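Below: one structure, written as structure tokens.
There are 2 protein chains.
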Amino acid sequence: MKDFTFYNPTRIEFGKGKENLIGSYVGEFGPLRVLLLYGSERIRRDGLFERVTRSLDEQGIAWEALGGVVSNPRLGLVREAIALVRKKGLQGVVAVGGGSVLDSAKAVAAGAPYDGDVWDFFIGRAAVEKALPVFAIMTLAATGSEMNSYGVVTNEATSQKYAIGSPLLHPKVSVINPELMASVSPAYLAYSAVDIFAHCLDLYFTAEYLPDYNAALIENILHTVMRTTAVLLDNPADYAARAEFAWASTMALNGLTFVGVSGNGYDTHMIEHAMSALYDVAHGAGLAVVLPAWMRWYQEKRPQRFVRFAEKMFAESNGEAGIDRLRRWFKAIGAPVTLAELGIPESGLTAVAENAYGLAENWGIADQYPVAAIVDILRLARE
Amino acid sequence: MKDFTFYNPTRIEFGKGKENLIGSYVGEFGPLRVLLLYGSERIRRDGLFERVTRSLDEQGIAWEALGGVVSNPRLGLVREAIALVRKKGLQGVVAVGGGSVLDSAKAVAAGAPYDGDVWDFFIGRAAVEKALPVFAIMTLAATGSEMNSYGVVTNEATSQKYAIGSPLLHPKVSVINPELMASVSPAYLAYSAVDIFAHCLDLYFTAEYLPDYNAALIENILHTVMRTTAVLLDNPADYAARAEFAWASTMALNGLTFVGVSGNGYDTHMIEHAMSALYDVAHGAGLAVVLPAWMRWYQEKRPQRFVRFAEKMFAESNGEAGIDRLRRWFKAIGAPVTLAELGIPESGLTAVAENAYGLAENWGIADQYPVAAIVDILRLARE
């Protein structure tokens, strides 16, 4: 194993009804006035908003609510939230929603106490030196944001979907109540499953050195996702499956799969972020298209890893068969697997590739991903 | 999955030479004067002591050293250390050694700021409300103490080997440098492997509810231990194997295997603690004798779990064969598997069982473990 530091101080409060205790969780960390950030107004209709605010009220924690976070969350709303936090002197952020809401909350937490513009953190112009405490109540399991220190936001003016990261951005407490996820649509369940796969497989295939322990840990996460997705598509109310799915999602991106690894990248995420930035496709949907295509293109670089994947995940004996089985599984659970399904035309591929190349430069992998190579990968997803 | 809270703020600094940075790690958390607690004088001979104290000196951190911690660490030395901490006004504890040293350090950290006697925490007479920060430099991978909030100490006056636990006792930073473990003897490597097995299997077999994800996580840890133990017995200098072994040891008892589980106990640890308390056997050696015996006795309570174990670990189709293979593997790596090898005579079994029963009462499982049942289990380890 390569040298590493592992540090993850987020406290997970997992289980039924835990969102009703959010007031006391926040209170432990001191904030007396918080921003309550959320997405659609659905949480007002289904009672979650009322339960969360009641818990805050009971603990004497004042709050200001701001909704409207969307998938591929926008920088505009983040800036609006920062202005609100400053104006009202808020001391913490409570995110209620999925990864987009929590990612936005992290950006707000870093941006509010910062003198410059929050986008500076995304483009490497500044490092986070101070952040408000962040708390989360998750309604979707996919991004792993609940137990890591990263967030992804789209700058709608520049069409850049970029990331912020700092050890200061670990949520203090994240509530994972699988019951809050029972109403996730079949499509979003599929997208979430794909997102978890991509978190794991970007690492699994790109790592120059991957300890056997890590490889098996990833395979366990993926088997758990496949098993529980099948159960949930059949019976969305199955609590045990919903819970294991949620926990697998958290474990896929809380840092443990990465320890001791060297040379890994977020290659498919890089390409998908460009697709989302330009075509506003759902992240998991974009990944479902990119991942098998990228695997076909990438497999010659590390053929043994692809054989292992095929064997361990699908009991197939060659790499190509493993990729094919994965793509068929994506299709079977209802995820798109072609660019056409996403509404991305052939004429748009160069723009997507150029946008992705900007990220590749940002992440230091531009030498591996010239624009022409990214176009080649995307072309493998034409049909 | 059952409801749970997961919180583990220990920072792991893993890799070559990281012990040379201990001064800066300690400095981040404020202590200016620390107790340096260790075991045998070997660390003075091999240069580790000098490197650690130089790092502390360089960062302006004053230290008082106290050695002499032994396997099955004694309450007497813990009390001596607490007196030293108070007399010199020390503000933190740096443990250099294996689990025994770190467990003692945790007891010192809790006991020093406490008005009463530190043993109160072990027998449930008091809860830890304040503790000095603890830091660790591990020279043995076995107990998992480097990333959890527990410690086990033996009260030599009462022959009780009991545990202390508190969220305040998570080490702030634990250094795991596999190179420091390269000189571990083959016997202690085997005992360590067995200890990791017991941490995992106590949970695996006793849990009323064990999510599939957790079961596979445990199997991955155990496969890693078996694979790397074989490599290390052949070539103790194999860094990659030493590193994976060390990390598997940490992962076996940092709380992640336990999330979402219900009804689990530390049944074999309970019996072994009694053996160590009365016969001072090495913990891992005692466990190697108890574990297969206990499994034979216990398997009828959860037969399917034993079949799974046999299949996943040894590709055997029935539970009994799995137990037999495990016992043979313990023997093959040089661990004892009979009471005779430990020097525990038939005439001593009742006393061991009575001592273990005290722990069973303490842990709330006395109804499952009357003295006669524990004697029955021990008798299965006669030959």
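From first to last, the protein sequence lines stand for chains S and F.
To convert, note that position 169 of the first sequence is 169 in the working numbering; the numbers rise steadily by one, no gaps.
One gets the working numbering by counting positions in the second sequence from 1 and adding 1000 to each.
For each residue, glycine too, the CB sits at the ideal point set by N, CA and C.
Every value quoted in this text rests on a predicted model; they were computed, and no experiment measured them.
> If you run the structure through DSSP and keep just helix, strand and coil, what is residue 197 of chain S?
Replying inline: For the purposes of this step, residue 197 of chain S is identified with residue 197 of the first sequence, where counting begins at 1. DSSP places residue 197 of chain S in helix when its eight states are reduced to three.
> Who are the Cβ neighbours of residue 360 of chain S in its own chain at under 7 Å, not counting the five residues just before and after it?
Replying inline: Here the question's residue 360 of chain S lines up with position 360 in the first sequence. Cβ neighbours of residue 360 of chain S beyond the five flanking positions: 270, 366, 369.
> For residue 1016 of chain F and chain B, any beta-carbon pair shorter than 8 Å?
Replying inline: The structure shown has no chain B; the protein chains it does contain are S and F.
>> So residue 1 of chain S contacts chain F; which residues on that side make the cut at Cβ distance below 9 Å?
In response: Along the first sequence, read from residue 1 onward, the residue named residue 1 of chain S stands at position 1. What residue 1 of chain S touches in chain F: 1014, 1015, 1178, 1239, 1240, 1243, 1244, 1246, 1247.
> Counting along the chain, where does the beta strand (DSSP E) carrying residue 150 of chain S start and finish?
Replying inline: Numbered from 1 along the first sequence, position 150 holds the residue referred to as residue 150 of chain S. Element bounds for residue 150 of chain S: 150-155.
> What are the uninterrupted segments assigned as alpha helix (DSSP H) that are 4 or more residues long and contained completely in the segment 296-343 of chain S, given in chain order?
Replying inline: 303-314, 319-332, 339-342
> Any idea if residue 1100 of chain F is buried or exposed, counting beta-carbon neighbours within 10 angstroms, 16 or more meaning buried?
Replying inline: Counting from 1 along the second sequence, the entry for residue 1100 of chain F is found at position 100. By the neighbour-count rule (16 or more Cβ atoms within 10 Å), residue 1100 of chain F is buried.
> With burial defined as no fewer than 16 other Cβ atoms inside 10 Å of the residue's Cβ, what is the status of residue 46 of chain S: buried or exposed?
Replying inline: As a working note, residue 46 of chain S is residue 46 in the first sequence. So residue 46 of chain S counts as exposed.
>> If you follow the beta strand (DSSP E) that residue 36 of chain S is in, where does it begin and where does it stop?
In response: Here the question's residue 36 of chain S lines up with position 36 in the first sequence. Segment 33-38, the beta strand (DSSP E) holding residue 36 of chain S.
>> So that I know if they touch, is there some Cβ in chain S lying closer than 8 Å to that of residue 1009 of chain F?
In response: The residue labelled residue 1009 of chain F in the question sits at position 9 within the second sequence. Taking Cβ atoms only, chain S reaches closer than 8 Å to residue 1009 of chain F, which makes this a yes.
>> Whole angstroms are fine: how far does the CA of residue 1292 of chain F sit from the CA of residue 1382 of chain F?
In response: The sequence position of residue 1382 of chain F within the second sequence is 382, counting from 1. The sequence position of residue 1292 of chain F within the second sequence is 292, counting from 1. Cα to Cα, residue 1382 of chain F sits roughly 12 Å from residue 1292 of chain F.
> Would residue 1144 of chain F count as contacting chain S if we go by Cβ distances under 8 Å?
Replying inline: Position 144 of the second sequence, counted from the first residue, corresponds to residue 1144 of chain F. For residue 1144 of chain F, the answer is no, since every Cβ of chain S falls outside 8 Å of its Cβ.
> Measuring CA to CA, which of S:209, S:249, S:208 is closest to residue 228 of chain S?
Replying inline: For the purposes of this step, residue 228 of chain S is taken as residue 228 along the first sequence, with counting starting at 1. Selected option, being the one with the closest Cα: S:249.
>> Let's test the definition: count the other Cβ atoms within 10 Å of the Cβ of residue 1234 of chain F and tell me whether it reaches 16, buried, or not, exposed.
In response: Along the second sequence, read from residue 1 onward, the residue named residue 1234 of chain F stands at position 234. Counting Cβ neighbours within 10 Å, residue 1234 of chain F comes out exposed, since fewer than 16 surround it.
>> Spatial neighbours of residue 122 of chain S within its chain, please: C-beta separation below 6 Å, excluding the five flanking residues on both sides.
In response: One-based indexing of the first sequence puts residue 122 of chain S at position 122. 162, 164.
> Is residue 130 of chain S buried or exposed, if buried means 16 or more other CB atoms sit within 10 Å of its CB?
Replying inline: One-based indexing of the first sequence puts residue 130 of chain S at position 130. By the neighbour-count rule (16 or more Cβ atoms within 10 Å), residue 130 of chain S is not buried but exposed.
>> Could you tell me the alpha carbon to alpha carbon distance between residue 1281 of chain F and residue 1320 of chain F, rounded to whole angstroms?
In response: Taking the second sequence and counting its residues from 1, the one referred to as residue 1281 of chain F is at position 281. Taking the second sequence and counting its residues from 1, the one referred to as residue 1320 of chain F is at position 320. Spanning the two alpha carbons is a distance of roughly 27 Å.
>> Three Cβ pairs or more, each shorter than 8 Å: is that satisfied between the segment 1032-1042 of chain F and the segment 45-65 of chain S?
In response: no
>> Just to confirm the assignment, what range does the alpha helix (DSSP H) spanning residue 357 of chain S have?
In response: Taking the first sequence and counting its residues from 1, one reaches residue 357 of chain S at position 357. 349-362 is the span of the alpha helix (DSSP H), which, as asked, contains residue 357 of chain S.
>> Quick check: residue 1108 of chain F and residue 1061 of chain F, are their CB atoms within less than 8 Å of each other?
In response: Sequence index remark: in the second sequence, residue 1108 of chain F carries index 108 (1-based). Sequence index remark: in the second sequence, residue 1061 of chain F carries index 61 (1-based). No, the pair does not count as a contact, with Cβ atoms beyond the cut-off.
> Looking at chain S, which residues of the segment 1206-1219 of chain F have a Cβ within less than 8 Å of any of its Cβ atoms?
Replying inline: 1211, 1212, 1213, 1216, 1217
>> Run through chain S and tell me which residues come within less than 9 Å of residue 1023 of chain F, C-beta to C-beta.
In response: Residue numbering aside, residue 1023 of chain F sits at position 23 when the second sequence is read from its first letter. None at all; the shortest Cβ gap to chain S is about 16 Å.
>> Between the segment 199-212 of chain S and the segment 299-310 of chain S, can you find at least three pairs of beta-carbon atoms closer than 8 Å?
In response: yes
>> So, with DSSP's three-state summary, where would you put residue 13 of chain S?
In response: Here the question's residue 13 of chain S lines up with position 13 in the first sequence. Note: residue 13 of chain S maps to strand in three-state DSSP.
> At a Cβ threshold of 8 Å, is residue 260 of chain S touching chain F?
Replying inline: Numbered from its first residue, the first sequence carries residue 260 of chain S at position 260. So yes, residue 260 of chain S belongs to the interface.
> Thinking C-alpha only, which one of F:1050, F:1278, F:1067, F:1049 is nearest residue 1343 of chain F?
Replying inline: To locate residue 1343 of chain F, count along the second sequence from 1; it is residue 343. Nearest option by C-alpha distance: F:1278.
> Which residues share a DSSP beta bridge with residue 245 of chain S?
Replying inline: Your numbering for residue 245 of chain S matches position 245 in the first sequence. DSSP output for residue 245 of chain S lists no bridge partner at all.
> Taking the alpha-carbon positions, what's the residue 325 of chain S to residue 1020 of chain F distance?
Replying inline: On the first sequence, residue 325 of chain S is found 325 positions in, with the first residue counted as 1. On the second sequence, residue 1020 of chain F is found 20 positions in, with the first residue counted as 1. Going by the C-alpha atoms only, they are around 49 Å apart.
> Taking Cβ-Cβ distances shorter than 8 Å, what residues in chain F pair up with residue 224 of chain S?
Replying inline: Start at 1 with the first residue of the first sequence, and residue 224 of chain S comes out as number 224. Residues of chain F passing the Cβ test: 1212, 1213, 1216.
> Can the beta-carbon of residue 14 of chain S be found closer than 8 Å to that of residue 1003 of chain F?
Replying inline: As a working note, residue 14 of chain S is residue 14 in the first sequence. As a working note, residue 1003 of chain F is residue 3 in the second sequence. Their beta carbons are under 8 Å apart, which means residue 14 of chain S touches residue 1003 of chain F by this criterion.
> When the Cα of residue 1005 of chain F is compared with those of S:6, S:18, S:7, which residue comes out closest?
Replying inline: In the second sequence, counting from the first residue as 1, residue 1005 of chain F sits at position 5. Closest by alpha carbon: S:18.
>> Only counting the same chain, and skipping five residues up and downstream in sequence, which positions put a Cβ closer than 6 Å to that of residue 1335 of chain F?
In response: To locate residue 1335 of chain F, count along the second sequence from 1; it is residue 335. Around residue 1335 of chain F: 1190, 1194, 1288.
> Using the beta-carbon of each residue, which ones in chain F are nearer than 8 Å to residue 29 of chain S?
Replying inline: Numbered from its first residue, the first sequence carries residue 29 of chain S at position 29. Result: empty, since nearest Cβ-Cβ is about 13 Å, beyond 8 Å.
> Hey, quick one: how far does the beta strand (DSSP E) through residue 1164 of chain F stretch, first residue to last?
Replying inline: To locate residue 1164 of chain F, count along the second sequence from 1; it is residue 164. Per DSSP, residue 1164 of chain F belongs to the beta strand (DSSP E) from 1160-1165.
>> Can you tell me where the alpha helix (DSSP H) holding residue 1081 of chain F begins and where it ends?
In response: Position 81 of the second sequence, counted from the first residue, corresponds to residue 1081 of chain F. Run containing residue 1081 of chain F: 1075-1088, per the alpha helix (DSSP H) assignment.
>> Between residue 1006 of chain F and chain S, is the shortest Cβ-Cβ distance under 8 Å, so that the two count as touching?
In response: To locate residue 1006 of chain F, count along the second sequence from 1; it is residue 6. Answer yes: the Cβ-Cβ gap between residue 1006 of chain F and chain S drops below 8 Å somewhere.
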